[in-house]
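Asks:
Numbering (this note's numbering), first residue to last: 90 to 452.
Structure (structure tokens):
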């Protein structure tokens, strides 16, 4: 254990720089060398002054800049590491549930509101949230949009629960300024009772210019669907995560490249166990292997640590877990409640959740 831990840490120091290396080292299972002792990185709560809001949408731009979106139509933005927050909520959105937000930088972002019928909407801002344009409002009473993701600053997709037996996908080619429903011919049939979970903004995730995955629950099996052509055609794969109940399934996905991914979820009810709360894939989601030592409870969000091939964080209402072996084994490192997590290329990691909780990983 000590030898492999030291090897991983040395390699990480060379690849990532001291900040992320220290994070992995402090959280890794096993004792650290005495010479490497340092204050352990931990979540540091940032005062949003919005204890009445649950933030399930999170877009981390860098260590200093992040956006959060949540209940009561709330969007907040910080540019100084969370020391101060600006309320940049869309005008007239107070009655909406904003469950996902994707940001390109500190000025441009796209936010998704969920709900039946016209409660599902998409907004875009180009001026840091000073003004928002409503770029989509759902008119189909059978549709319910859950998540949005982007391949780059122009191309993105949004996911709706099944309509007439198949998941519905919206597509944008102009950064979220306009949206088009994609043809459903390439979408496999949904299972009975199957849907997406708008729990963390991670039920639809992209990696690279064309690959995208969607997570499902509520059906006989918890599935992940994959498209390699920006949502035109899809293949479905079963995962070992809990299924067979409307409260069970895959709640969050993270891919570090087009082949290696992690799925987290379980049963979101606090009184129900989630014995297989995580799984991994090394073949773009064609097959999924259960974690040998999974998180101890339901998890809704997951993120790879920046530039790492082996380290990731998973979050949920009962804590944060760390893996240093690509998702095979997990260790709880913080007991706080968070719904979603996001990490940036400069080494910043953020988490958000209930009662206005937003935190950044710091020493």
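Virtual Cβ for every residue (Gly too), placed ideally from N, Cα, C. Computed from a prediction, not measured in an experiment: that's the story for all the values here.
What is the residue span of the beta strand (DSSP E) that residue 300 lies within?
Replies: That run of the beta strand (DSSP E) goes 300-304.
Asks: Run through the segment 391-431 for me and flag every whole alpha helix (DSSP H) of 4 or more residues, listed as ranges in chain order.
Replies: Counting whole runs of 4 or more residues, the segment 391-431 contains no alpha helix (DSSP H) stretch at all.
Asks: Whole-angstrom Cβ separation of residue 246 and residue 319, contact assumed at under 8 Å?
Replies: Correct: roughly 7 Å between the Cβ atoms.
Asks: For the ligand GDP, any of its heavy atoms closer than 7 Å to the Cβ of residue 401?
Replies: Inclusion of the ligand GDP in the displayed structure is not the case, the ligand content being empty and no account of it being possible.
Asks: Residue ranges of each beta strand (DSSP E) run of no fewer than 3 residues wholly in the segment 217-276, ordered along the chain?
Replies: 222-226, 233-239, 245-252, 255-261, all fully within the segment 217-276.
Asks: Is the separation between the beta-carbon of residue 341 and that of residue 280 shorter than 8 Å?
Replies: Result no, Cβ atoms of residue 341 and residue 280 do not sit closer than 8 Å.
Asks: Would you check if the distance between the CB atom of residue 239 and the CB atom of residue 191 is smaller than 8 Å?
Replies: A contact, by the Cβ cut-off of 8 Å.
Asks: Using alpha carbons as the reference points, say which of 219, 351, 197, 373 lies closest to residue 365.
Replies: The shortest Cα separation from residue 365 among 219, 351, 197, 373 belongs to 351.
Asks: Report all residues from its chain with a CB closer than 6 Å to the CB of residue 221; omit the five preceding and five following residues, and keep chain order.
Replies: Excluding residues within five positions, the ones whose Cβ falls inside 6 Å are 179, 212, 214.
Asks: Would DSSP call residue 207 helix, strand or coil?
Replies: In the structure shown, residue 207 sits in a helix (DSSP, three-state: H, G or I).
Asks: Let me confirm a value: residue 148 is counted as buried when at least 16 other C-beta atoms fall within 10 Å, else exposed. Which label applies?
Replies: Result: buried.
Asks: Within the same chain, show all residues whose beta-carbon is closer than 7 Å to that of residue 100, passing over the 5 residues directly before and after it, in chain order.
Replies: Only weak support is given to the placement of residue 100: the predicted model assigns it a pLDDT of 33, under 50, and the value that follows is read from those uncertain coordinates. Hits under 7 Å: none found.
Asks: With residue 191 as the anchor, note down where its beta strand (DSSP E) starts and where it stops.
Replies: Where residue 191 is concerned, the enclosing beta strand (DSSP E) stretches over 186-192.
Asks: When burial is assigned at 16 or more other CB atoms within 10 Å of the CB, is residue 181 buried or exposed?
Replies: With fewer than 16 Cβ atoms within 10 Å of its Cβ, residue 181 is classed as exposed.
Asks: Going by DSSP, what residues sit across from residue 356 in a beta bridge?
Replies: Residue 356 pairs with 337.
Asks: Taking residue 312 as the reference, give the member of 201, 394, 375 with the closest Cα.
Replies: Ranking the options by Cα distance to residue 312, first place goes to 375.
Asks: Tell me where the beta strand (DSSP E) around residue 439 begins and ends.
Replies: It spans 438-441 - the beta strand (DSSP E) in which residue 439 sits, taken as one unbroken run.
Asks: Relative to the alpha-carbon of residue 137, which residue among 244, 242, 176, 183 has its alpha-carbon at the smallest distance?
Replies: Looking at the Cα atoms, 176 is the closest of the given residues.
Asks: Return the residue from the list 377, 432, 396 that minimises the CA-CA distance to residue 403.
Replies: Checking every option, the nearest Cα to that of residue 403 belongs to 432.
Asks: Compute the distance between the beta-carbons of residue 295 and residue 301, then report whether it is under 8 Å.
Replies: Yes. Within cutoff.
Asks: For residue 353 and residue 228, I'd like the C-alpha separation in whole angstroms.
Replies: So the alpha carbons of these two residues sit roughly 32 Å apart.
Asks: Measure from the alpha carbon of residue 298 to the alpha carbon of each residue in 241, 139, 315, then state which is nearest.
Replies: When each option's Cα is compared against that of residue 298, the closest is 241.
Asks: Expressed to the nearest angstrom, what Euclidean distance is found between the alpha-carbon atoms of residue 277 and residue 172?
Replies: Cα-Cα distance, rounded: 46 Å.
Asks: What number of angstroms, rounded off, separates the C-alpha of residue 274 from the C-alpha of residue 424?
Replies: Cα to Cα, the separation comes out at about 44 Å.
Asks: How would you call residue 335, buried or exposed, if buried means at least 16 neighbouring beta carbons within 10 angstroms?
Replies: Classification of residue 335: exposed, given that the 10 Å Cβ count is below 16.
Asks: Using the Cα positions of residue 255 and residue 396, report the straight-line distance between them to the nearest angstrom.
Replies: Rounded to whole angstroms, residue 255 to residue 396 spans 35 Å at the Cα level.
Asks: By a C-beta neighbour count over all protein chains shown, 10 Å radius and 16 as the cutoff for buried, is residue 206 buried or exposed?
Replies: Residue 206 should be labelled exposed.
Asks: So what's residue 449 in DSSP terms, helix, strand or just coil?
Replies: Residue 449 falls in the strand class under three-state DSSP.
Asks: List the whole-angstrom C-beta distance separating residue 328 from residue 368, where the pair is believed to meet the contact cut-off of C-beta under 8 Å.
Replies: About 5 Å separates the two Cβ atoms, so the contact holds.
Asks: How would you label residue 315, buried or exposed, when you count the other beta carbons within 10 angstroms and need 16 or more for buried?
Replies: Residue 315 should be labelled buried.
Asks: Nearest to residue 219 by alpha carbon, out of 169, 252, 165, 271?
Replies: Of 169, 252, 165, 271, the residue nearest in Cα terms is 165.
Asks: Just the C-alpha distance for residue 422 and residue 412, rounded to the nearest angstrom, thanks.
Replies: Their backbone Cα atoms lie some 10 Å apart in a straight line.
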